[in-house]
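Taking it in order: structure first as C-alpha cells, then the write-up.
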Amino acid sequence: MAKIYFLGECLVELRELDDATMAQSFAGDVYNSAVYLKRCFPKITVSMVTAIGSDRLSEKMLTRFKSENLDTQLVFRHPSKVAGMYLIETDDAGERRFTYWRNDSAARKVVEFLSDGVVDQLATADMFFFSGIPLAIIEKHSRNAFWQKLESLKQAGVKLVFDPNYRSQLWAHKEDAIEQFDRAFHLSDIALPGVEDLTVLYGIESAQEAVGFCQQYDLEEIVVKDGPKSVVTLAGTERLSHQISPVTNVIDTTSAGDAFNGVYLGARLSGRTIAEAVQLGAKAAGTVIQHPGAIAPLAAFKQAMSE
Ligand code: ADP
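Using numbering that gives the first Met the number 0, the letters of the sequence shown map in sequence onto residues 0 to 306.
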C-alpha cells in the first residue's frame, strides 16, 4: 500500500472571533496537505514528520493528528521547546492580519531527530513531501544534514516532492531562499509551485513561464497552480493546460494550494492520470476556499467531494 511522508511544522492557530474570544485550531502547510490527502484516500499511509513540544497544546496537536488518521510514528517530542503559534485577526477593512510566534518552536529542531534509523524508515515510502516553509524554519546549522538525508532518500528511490510556498517574512534575505529553493528543485522529482510565489522571487508572471523556469531542473512532473486561472502540467513531453471552474462564493483562500497538493498526490499515488489528479485536487481546493480557516469541516468536505 502507498505511503507518503510530510515533513514540516504544524502550528497552533488562534482566530479572533470578537474582542474577548478566540477559537483555537491547528494548521500548517504540510499538515493541511496531509489531512486532505488522507480524507480523500484513506487507504494510503500518510505520515507527519515533525517535532512538537511537551506542552499541553502540543499534546492536543498530536491527538488532532491521530483524529485525522495520520500516522504519528515520526512525530518527535522535544523536551524543552513548545509548539509554534499564530493569530489571525481581521482589521476594520476586513483584511486578515497574521502574527506568528514560531521563532523558538520545537519543529525548527526536527532535523536533529532524523537519525540513520529514521532515514531508513523514511526510505520505505513512495513519496516524501517538503516545502519552502520547513526549509525556512529548520535551523541553518542543520541544513547540510537535511540535504544529505534527502539525497539518501532519493538514492533509495523515494520520490521527492517540493512546493516552494515562499513566505518572505521567514527569510532574512531573498537570495537565501533562492539558493535553498535551487537545491530543492535540483533534487526533487515532482514540483508543485504556485505562480504567485515565483513572481516575488524570480519575476515570473504566468503559469507557462513558471513551467519554463522549472524545465531547467530534472523534474519528472511539473504542476503549476495559478489560482482560478489554470493549472499547467508538464510530464515528459506532455504539456497540458487544465481548466479550473472558478468558485464564486470564496470565503477564505487559506490552504487552497495545500489541499490541491495533498489530493493531487493522493490521486497520483492511487494510479490516477495527471489530468484526473488535477481535477480532484482542484475540486478539493475549490471546496476548502468556501470555508473559513485551513481545515474545512470533515462532513462538508466529504459531502462536496462525493458530489
Ligand atoms: P496557493 O494557495 O498555493 O497560492 P493558488 O492560489 O494557485 O495556490 O490556488 C491553489 C488551487 O486552488 C488552484 O490550483 C485552484 O485549483 C484552486 N483555486 C484557487 N482559487 C480559486 C477560485 N477562486 N476558484 C476555484 N478554484 C480556486
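All residues carry an ideal CB built from backbone N, CA and C; glycine is no exception. Since we're looking at a predicted model, the values are computed, not measured.
Burial state of Ser254, where buried means 16 or more other Cβ atoms lie within 10 Å | Locating residue 254 in the sequence shown gives position 255, where the first residue counts as 1. By the neighbour-count rule (16 or more Cβ atoms within 10 Å), Ser254 is buried.
Buried/exposed call for Gln278, threshold 16 Cβ in 10 Å = Position 279 of the sequence shown, counted from the first residue, corresponds to residue 278. Buried, since its Cβ has 16 or more Cβ neighbours within 10 Å.
Residues near the ligand ADP, criterion Cβ-heavy atom distance below 6 angstroms = Gly193, Glu195, Lys224, Asp225, Gly226, Pro227, Val230, Ile243, Pro245, Val246, Val249, Thr252, Ala255, Gly256, Phe259, Ala281, Ala284, Gly285 and Ile288
DSSP puts Ile294 in a beta bridge; with which residues?
-> One-based indexing of the sequence shown puts residue 294 at position 295. None; Ile294 has no bridge partner.
Figure out for me which residue from Cys9, Arg38, His140 and Thr71 has the closest Cα to the Cα of Leu56.
-> Taking the sequence shown and counting its residues from 1, the one referred to as residue 56 is at position 57. Checking every option, the nearest Cα to that of Leu56 belongs to Cys9.
Decide yes or no for the touch test of the stretch 242-252 against the stretch 192-199: beta carbon pairs closer than 8 angstroms, at least 3 of them.
-> no
Own chain partners of Val74 with C-beta closer than 7 angstroms, once the 5 adjacent residues on each side are dropped = Start at 1 with the first residue of the sequence shown, and residue 74 comes out as number 75. Counting only Cβ-Cβ distances below 7 angstroms, and skipping sequence neighbours, we find Met47, Thr49, Ile51, Leu61 and Phe64.
According to DSSP, is Tyr165 helix, strand or coil?
-> As a working note, residue 165 is residue 166 in the sequence shown. Residue state, collapsed to three classes: coil.
Cβ neighbour criterion (16 or more within 10 Å) applied to His77 = Position 78 of the sequence shown, counting from 1, holds the residue named residue 77. Buried is the call here.
Spatially closest choice to Lys224 from Phe212, Thr236, Gln215 and Ser205, by CA coordinates | Here residue 224 refers to the residue found at position 225 of the sequence shown. It is Ser205.
Go ahead and label Thr286 buried or exposed: buried means 16 or more other beta carbons lie within 10 angstroms of its beta carbon, across all protein chains shown.
-> Along the sequence shown, one-based indexing puts residue 286 at 287. Under this definition Thr286 is a buried residue.
Select from Thr89, Phe184 and Glu237 the residue whose C-alpha is nearest the C-alpha of Phe97.
-> Along the sequence shown, read from residue 1 onward, the residue named residue 97 stands at position 98. Comparing Cα-Cα distances from Phe97 to each of Thr89, Phe184 and Glu237, the minimum goes to Thr89.
Given Tyr216, which residues of its chain have a CB within under 8 angstroms of its CB, disregarding the five upstream and five downstream residues?
-> As a working note, residue 216 is residue 217 in the sequence shown. For Tyr216, where only same-chain residues beyond five positions count, the Cβ hits under 8 angstroms are Phe184, His185, Ser187 and Ala190.
Counting only runs of 3+ residues fully inside the stretch 133-189, write out the beta strand (DSSP E) ranges in chain order.
-> 158-162
Pull up the CB-CB distance for Ala33 and Leu69, whole angstroms please, since I reckon it's below 8 angstroms.
-> Mapped onto the sequence shown, residue 33 falls at position 34. Mapped onto the sequence shown, residue 69 falls at position 70. Going by Cβ atoms, the distance from Ala33 to Leu69 rounds to 6 angstroms, so yes, they are a contact pair.
Leu36 - containing alpha helix (DSSP H), residue span = Looking up residue 36 in the sequence shown gives position 37. Run containing Leu36: Asp28 to Cys39, per the alpha helix (DSSP H) assignment.
Between Leu297 and Ile43, is the Cβ-Cβ spacing less than 8 angstroms?
-> By one-based count along the sequence shown, residue 297 stands at place 298. By one-based count along the sequence shown, residue 43 stands at place 44. Cβ atoms of Leu297 and Ile43: not closer than 8 angstroms.
Would you decide whether Arg38 is buried or exposed? Buried here means 16 or more other CB atoms lie within 10 Å of its CB.
-> Against the sequence shown, residue 38 aligns to sequence position 39. Buried, since its Cβ has 16 or more Cβ neighbours within 10 Å.
Range of the contiguous beta strand (DSSP E) that encloses Leu56 | Taking the sequence shown and counting its residues from 1, one reaches residue 56 at position 57. Unbroken run through Leu56 is the alpha helix (DSSP H), Arg55 to Ser66; no beta strand (DSSP E).
Would a C-beta distance cut-off of 8 angstroms place Val110 and Ser151 closer than the cut-off?
-> As a working mapping, residue 110 is identified with position 111 in the sequence shown. As a working mapping, residue 151 is identified with position 152 in the sequence shown. The answer is no: Cβ separation not under 8 angstroms.
Residue closest to Arg142, alpha-carbon to alpha-carbon, out of Glu237, Glu178 and Asp162 | For the purposes of this step, residue 142 is taken as the residue at position 143 of the sequence shown. The option with the nearest alpha carbon to Arg142 is Glu178.
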